[in-house]
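There are 2 protein chains.
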Amino acid sequence: MTDQEKAPAKRAGWKRDPAKVQQDILQAATREFADNGFNGGRIERIVQLTATSKRMIYYYFGDKEGLWRAVLEDAYTSVRAQEAELDLADLPPLEALRKLFVFTFDHHRRNADFIRLVMIENIRGGHVLASSTKIRDLNRPVVAMLEDICRRGAADGSLRPGLCPLQLHWELSALSFFNMSNRATFSGIFGAGLHDEAGQVRLRDSLADQLIRAVRA
Amino acid sequence: MTDQEKAPAKRAGWKRDPAKVQQDILQAATREFADNGFNGGRIERIVQLTATSKRMIYYYFGDKEGLWRAVLEDAYTSVRAQEAELDLADLPPLEALRKLFVFTFDHHRRNADFIRLVMIENIRGGHVLASSTKIRDLNRPVVAMLEDICRRGAADGSLRPGLCPLQLHWELSALSFFNMSNRATFSGIFGAGLHDEAGQVRLRDSLADQLIRAVRA
DNA sequence: CTTGTTTTGTACCAGACGGTTAAAATACGT
DNA sequence: ACGTATTTTAACCGTCTGGTACAAAACAAG
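Those protein sequence lines, which keep their order, are chains A and B.
Per the working numbering, the very first residue in the first sequence carries number 347; after that it's consecutive.
Per the working numbering, the very first residue in the second sequence carries number 347; after that it's consecutive.
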């Protein structure tokens, strides 16, 4: 029984590549955790998604919790990196804000796995994220963008005064996040009208309009 | 050891009360599931929170999944029931809308367990909710309120035309829900400024203001 | 009291699951 | 070439956990 697979599986000239192995594990773990949660995520299933063995997971990540931490940090890193390409500096404040919101909304839509990981981390109380200064730092730039927009908006009079950049970020996040996180229950109850492709575009643009109305001077 | 509790626990004239037992289980299960998720929720722990035995859970609810379904339906029922007391019919549309939002926001804050259950159901794909016509029906009244507000607002010219009641409900939900669901990660990253008591009131009222600005004619 | 049905207590299990042991294979400095 | 540290394989394990078998109480009906 065991003989069948023993010989042919491993080639002679196979090069070792620890970094690659870790990336492989991380990717598989992301899939599994995003699909099934932390407690529902199965190490064995992660192994099957991987070219390596169970032992490797524990070798590189210690335990399930350590793997979760790595997955979460990796997710934040890659998602926030995508935001860096956004350049709003030379747009008028209101246009910059609209563009930022539209981007954020779409960005959340593109990163369903990330949303699910954050949902799961929230259910777990956020204690992993709380002890990760790395993740905290990754999030500063987004708010910095809004601080800039608010500053310029106050200066040229296009935005009403007293706006809080952090709260603005909270609002963009809330709308964009909820759109993904509660899709299942919301469209389960009220139908998929807001969540099919056309509905999403309509919703997004309508929200953008409302946002502008809410903040302009 | 076992003798200590045996005799005094059950009186001779003790009446059986199946309904009470089920309620007891449901309450304990709600605690456990809300705290630890579905997969993280432990039947044995639920038993310990209960005056009954593990056998009873399976007797009344079949299996863990059945228990989850019962918990979710129970939660929706009681939470939506609380909303019924709200009377907006004789308020001007804009005031009614503000009051509805403030209520919704506070209501979500008061029902942290419910929020967590909905989060969990969403992570699980919402398949339980999808097959529950009961829950679907429970949610109609909220949207009906908004339909009424929009109708009256269009009639007296206080609301701008073209507003979608369902989208409005989506927005109120998004802000109120996100406020609870992502508290851990958001305040973990950006500090608790928006989530302490004073911050919450400020946030709520500020959002209400923005909402009014966004929808008035 | 007898009989049938509902409700409950006790003890138990099979499988799943996270994690480990021990050693072999490979890379690498000297 | 050789010794040492790193990386990988394969088999294994203790415990936890959802779920059950069995039958005794409690109750209702006749």
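Quick reminder that beta carbons are idealized off the backbone N, C-alpha and C, glycines included.
This one's a predicted model, so the numbers in the text were calculated from it and none came from an experiment.
Step through the CB atoms of chain A and report whether any lies within less than 9 Å of the CB of B:Gln350.
Any reading at B:Gln350 needs caution, since the residue's pLDDT is 29, under 50, leaving its predicted position unreliable; the model's value is listed next. Closer than 9 Å: no.
If I'm right that B:Gly383 touches A:Asn385 with Cβ under 8 Å, what's the distance once you round it to whole angstroms?
6 Å
Sorted by chain position, which residues of the same chain lie with C-beta nearer than 6 Å to B:Leu518's C-beta, five sequence neighbours on each side aside?
Phe447, Thr450
Going along chain B, which residues have a C-beta under 8 Å from A:Met465?
Met465, Asn468, Ile469, Ser527
Which bits of chain B does A:Leu540 rub up against, with CB to CB less than 8 Å?
Leu512, Gln513, Trp516
Name the chain A residues whose beta carbon is nearer than 9 Å to that of B:Gln556?
Glu517, Gln556, Leu557, Arg559, Ala560, Val561
Let me check understanding here. Comparing Cα to Cα, which of A:Ala365, A:Lys410, A:Tyr405, A:Pro364 lies closest to A:Thr376?
A:Lys410
I'd like to check one pair, B:Phe536 with A:Val489: are the Cβ atoms closer than 9 Å?
yes
According to DSSP, simplified to helix, strand and coil, what is B:Arg470?
coil
Work out the CA separation of A:Arg388 and B:Lys480 for me, nearest whole Å.
33 Å
Under 9 Å between C-beta atoms, does B:Ala530 make it to chain A?
yes
Determine whether the beta carbon atoms of A:Ile461 and A:Ser527 lie at a separation below 9 Å.
yes
Taking all protein chains shown into account, decide if A:Pro439 is buried (16 or more other Cβ within 10 angstroms of its Cβ) or exposed.
By the neighbour-count criterion, in which a residue is buried when 16 or more other Cβ atoms sit within 10 angstroms of its Cβ, A:Pro439 is buried.
My understanding is that A:His453 touches A:Glu429, with C-beta atoms under 8 Å, so please give their C-beta distance in whole angstroms.
7 Å
Mind listing the chain B neighbours of A:Arg482? Cutoff is C-beta to C-beta under 7 Å, in chain order.
Ile535
Apply the 10 Å Cβ neighbour rule to A:Gly408 and answer buried if 16 or more other Cβ atoms are within range, or exposed otherwise.
exposed
Using the Cβ count rule (16 or more neighbours within 10 Å means buried), how would you classify A:Thr396?
buried
If we call anything under 9 Å between Cβ atoms a contact, is A:Ile495 one with A:Ala442?
yes
When the distance is taken between beta carbons, is B:Met465 closer than 9 Å to A:Met338?
Because chain A here runs from 347 to 563, residue 338 of chain A falls outside it and cannot be looked at.
Within its chain, find whatever has a CB closer than 7 Å to the CB of A:Leu372; leave out the 5 residues flanking it on each side and keep chain order.
Ala416, Val417, Asp420
For A:Gly359, count the other beta carbons within 10 Å of its own beta carbon; 16 or more makes it buried, fewer makes it exposed. Which is it?
At A:Gly359, the pLDDT of 41 sits below 50, so the modelled position is not reliable and the matter cannot be decided from this model.
Which residues of chain B have a Cβ atom closer than 8 Å to the Cβ of A:Asn457, listed in chain order?
By Cβ distance, chain B contributes nothing, its closest Cβ being about 15 Å from A:Asn457, past 8 Å.
By the three-class DSSP mapping on this structure, what secondary structure does B:Arg562 have?
Correct three-state label for B:Arg562: strand.
Here's the rule: buried if 16 or more other CB atoms are within 10 angstroms of the residue's CB, otherwise exposed. What is A:Arg357?
Note that A:Arg357 scores a pLDDT of 34, beneath 50, so its modelled location is shaky and nothing firm can be said.
Can the beta-carbon of B:Thr398 be found less than 9 Å from the beta-carbon of B:Asp370?
yes
Classify A:Leu492 as helix, strand or coil using the three-state DSSP reduction.
helix
Expressed to the nearest angstrom, what Euclidean distance is found between the alpha-carbon atoms of A:Leu413 and A:Val474?
11 Å
Let me confirm a value: B:Ala563 is counted as buried when at least 16 other C-beta atoms fall within 10 Å, else exposed. Which label applies?
exposed
Is the distance from the Cβ of B:Gly539 to the Cβ of A:Leu512 below 9 Å?
yes
Note down, in chain order, all residues in the region 383-398 of chain B with a beta-carbon under 7 Å from any beta-carbon belonging to chain A.
Gly383, Asn385, Gly386
Under 8 Å Cβ to Cβ from B:Arg444, same chain only, skipping five residues before and after it: list those, please.
Ala554, Leu557, Ile558
Suppose you measure from the CA of A:Arg548 to the CA of A:Ser522; what does that come to, to the nearest Å?
Each residue's alpha carbon lies about 14 Å from the other.
Strictly below 8 Å CB to CB, what residues from chain B border A:Arg462?
Ile469
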